[in-house]
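Working notes for the structure below.
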Amino acid sequence: ARKRGVASDVIIAREVLWNLAKQNPVNHTELRSTQDLGPWRRKEYGKEILRVLRDIVP
């Protein structure tokens, strides 16, 4: 969001981020099974989402 100069909610809604943290997908297959992200967002941000989740979710 910072790179694009927009609010983080524009990229991915806070509710979706919370749901992802609760589901804690650990790979692209698990990320694909979430209902919260469409194909474009998964492709665009999936790698970074998985990295962040790996770093912050115990």
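Counting the sequence shown from 1 gives a position; our numbering is that position plus 17. Virtual Cβ for every residue (Gly too), placed ideally from N, Cα, C.
What three-state label does DSSP hand residue i in the structure shown?
{"i": "N44", "result": "coil"}
{"i": "G22", "result": "coil"}
{"i": "G63", "result": "helix"}
{"i": "P56", "result": "helix"}
Below 7 Å between beta carbons: does that hold for residue i and residue j?
{"i": "V74", "j": "A38", "result": "yes"}
{"i": "L48", "j": "P42", "result": "yes"}
Under 7 Å Cβ to Cβ from residue i, same chain only, skipping five residues before and after it: list those, please.
{"i": "K64", "result": "none"}
{"i": "Q40", "result": "T51"}
Below 8 Å on the Cβ atoms is my guess for residue i versus residue j; work out the distance and round it to an integer in Å.
{"i": "V33", "j": "L54", "result": "7 Å"}
Looking only at its chain, what residues have a beta carbon closer than 6 Å to the beta carbon of residue i, apart from the 5 residues adjacent to it on each side?
{"i": "T28", "result": "According to the sequence shown, residue 28 is Ile rather than Thr. Here the set comprises A18."}
Excluding the 5 residues flanking residue i on each side, which residues of the same chain have their C-beta closer than 8 Å to its C-beta?
{"i": "R71", "result": "V43"}
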